[in-house]
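Residue numbers (this note's numbering): 145 to 604.
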């Protein structure tokens, strides 16, 4: 079968030619199936890295290399004095020293847009991805320009670089970036990478093989990104399931993959394996223990798992759910770091003026954290005050608003549990103008689907 047909691509000739060269190279380099598996699923040698990144090995002035505070001041005082790769090196030092901040990131991002033509490899691009944090202040213009350049120039990772794949999809997911054509290209290529890995494994021994950490991290991160941006690819889904079946993945990796499947409403696994993962997680003292238990709880609540279970299996599922709930409640996991936002306070103040009793930042009986809860007679009403991070950054159609996968999943579950769910978008009016604020929220609640709120708004 032609590689062009396999990837379903019409304009990737140059990149695919390199992929074919890579395939030939890896076949020559590895004399056995097991060696090839180790090569595809491992980190490339330092020698191969140095040849591709030689243009990034810039010299740092010797008198400030060990003094990050001076580098910080130097960049702020001379933001455009250095070439793009010198600035990158400085920012990497600052990030390692915990001194990078929005001002530093802004300097790097502006230089990046002015020097995109100097970035010709995915490995170089991934270094920028790793230091462009915090990215919450970066503009849509920045993301549009950068992603368009990557897509048009086909600056895609090579197949044997799991860390670069992780950097790409972590950047896309954490910034909620959706670009359909880019995702189609990247997912097709990543699926090819996984298929190379599978084809290199000996079926008789692969069940005992534990892929290296970077390879596993790439699988977990790719699936996490796709669930955040609600991009389903059934071919990749089937390939990942084959790897899970034929190789030993870490408990943490499996939990993250199955959680991503659940958010996308893709079938996960059977209760027996979920039970095993829960027991292994409970026995583990990892820093991510609570997070993983919360993810297992989500998997158990997902319709993709619960649909089709027998009566006895439903009972077992309910017992596992209670185990997760008990642990999470005892650990006060969902109560950590709750802060009332300015937007939530605006809505709360409006409800007070309307004499509507309500509660802020509560947990429902199934441990869903909600912004505002109202109980009027027989109606259980939830107001979710949505901020920008609740929505996908849709580069294909900015006018289309779609919630990220976890928020969409949460809304569906709450509605299925009998709640009236009302999404409250950010207010862009003058927040000092009380009358204008009241009119805005009244209009929203009158058209919310809640009979009681509609009646109250008409009377007030």
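Backbone N, C-alpha and C define an ideal beta-carbon position, used for all residues, glycine too.
Query	Result
Straight-line gap, residue 553 to residue 221 (C-alpha atoms, nearest Å)	46 Å
Residue 595 classed as buried or exposed, judged by whether at least 16 other C-beta atoms fall within 10 angstroms	exposed
Contacts around residue 369, its chain only, beta-carbon distance under 6 Å, and the 5 residues preceding and following it disregarded	313, 316, 317
Cβ contact check for the region 576 to 588 and the region 542 to 551: 3 or more pairs under 8 Å	no
Nonlocal neighbours in the same chain, by C-beta distance under 6 Å from residue 577, ignoring five residues either side	none
Residue burial classification, residue 605 (beta-carbon count within 10 angstroms, cutoff 16)	A query on residue 605 cannot be resolved here, the shown segment of the chain reaching from 145 to 604 and no further.
Residue range of the beta strand (DSSP E) that includes residue 514	513 to 520
Residue 433 vs residue 465 beta-carbon contact at 9 Å	no
Cα-Cα separation, residue 587 to residue 492	16 Å
Under 9 Å between C-beta atoms of residue 236 and residue 267	no
For residue 320, the three-state DSSP class (helix, strand or coil)	coil
Neighbour-count burial assignment, residue 335, 16 or more Cβ in a 10 Å radius	buried
Spatial distance of residue 471 from residue 442 (CA atoms)	14 Å
Coarse secondary structure for residue 556, derived from DSSP in three states	helix
Residue 400 vs residue 536 beta-carbon contact at 9 Å	no
Nonlocal neighbours in the same chain, by C-beta distance under 7 Å from residue 323, ignoring five residues either side	291, 295, 539, 540
Beta bridge counterpart(s) of residue 523 as assigned by DSSP	520
Beta-carbon gap between residue 212 and residue 251 smaller than 9 Å	no
6 Å CB neighbourhood of residue 260 in its chain, flanking five on each side removed	293
Beta-bridge partners of residue 537, as assigned by DSSP	321
Identity of the residues DSSP links to residue 565 by a beta bridge	526
Residue closest to residue 597, alpha-carbon to alpha-carbon, out of 517, 311, 216, 509	517
Close beta carbons around residue 299, own chain, < 6 Å, minus the five adjacent residues each side	266, 269
3-residue-minimum beta strand (DSSP E) runs that sit fully inside the region 462 to 507, ordered along the chain	503 to 507
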